[in-house]
Amino acid sequence: MNWTDERVELLRKLWSEGLSASQIAAQLGGVSRNAVIGKVHRLKLSGRG
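Just so you know, we're using this note's numbering here: the sequence shown kicks off at 349 and counts up by one.
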């Protein structure tokens, strides 16, 4: 699975809405919870809200 611009934008949107990493992984498909967590940290999205 590649992190396309569209998938990154969806990740940012879902993360800002407060979804868990597991929920985001399920919506994106083809990616694990840990991959979502890693990407969140690399994008420096750790803070919510």
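Every residue, glycine too, gets a C-beta built ideally from N, C-alpha and C.
- The straight-line gap separating the alpha-carbon atoms of Leu359 and Ser368 is approximately 11 angstroms.
- In this structure, the straight-line span from the alpha carbon of Met349 to that of Lys361 is close to 19 angstroms.
- One thing to note: Arg381 has its Cβ within 8 angstroms of the Cβ of Ser370.
- Excluding the 5 residues flanking it on each side, Trp351 has no same chain C-beta neighbour closer than 6 angstroms.
- Shown here, Val388 sits in a helix according to DSSP, grouped into three states.
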